[in-house]
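Structure, as structure tokens:
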Amino acid sequence: MKDLIVSCRATNRFPVGSDDEIEFHADLVQQLRINGTLGWLYPLILIIVILILLFLTIFICSALKKRKQNQYNVAKREKTLRTVEENERLKEVEVVYEE
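For what it's worth, the UniProt record's numbering labels the leading residue of the sequence shown as 1, then goes sequentially.
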């Protein structure tokens with residue numbers, strides 16, 4: 001079992017009610033305890049899983065948005081439908097001429 005002590009000190013300076021600046025300090029001391037030699041692995045796996053879920057969510061939302069935008073393009077859909085219908089009529093005419 002490993003013990004690790006992490007400390008952080010924040011300093012800020014600003015005026016309080018007068019023109020003179022007063023310096024303020026905030027200290028944080030945190031003791032971390034890691035069990036075993038692979039104790040660091042669990043947080044790393046959790047971070048990787050969260051990142052994968054984030055990327056999947058972004059990808060799925062962008063795919064759904066793109067799909068939804070394509071549904072509302074009525075002019076493009078009608079043009080494609082007309083082209084398909086014209087191609088079918090041309091094929092029918094070719095079949096009639098071949099007979």
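Note that beta-carbon positions come from the ideal geometry of N, C-alpha and C, so glycine has one too.
Every value quoted in this text rests on a predicted model; they were computed, and no experiment measured them.
Backbone CA spacing between residue i and residue j [nearest angstrom]
i	j	result
G17	Q31	37 Å
L44	E23	38 Å
L28	T11	12 Å
P15	S7	27 Å
D19	I5	38 Å
V49	R77	40 Å
L56	L46	15 Å
Paired residues, beta bridge with residue i - DSSP
i	result
K2	I34
Own chain residues within Cβ distance below 6 Å of residue i, not counting five before or after
i	result
A26	A10
P3	The sequence shown places Asp at residue 3, rather than the Pro named in the question. Here the set comprises R33.
Neighbourhood of residue i by C-beta distance below 7 Å, restricted to the same chain and skipping five residues each side
i	result
K65	none
As an exercise, report each continuous alpha helix (DSSP H) stretch of at least 4 residues that is fully enclosed by the segment 7-87, in chain order. Qualifying alpha helix (DSSP H) stretches, in chain order: 41-71.
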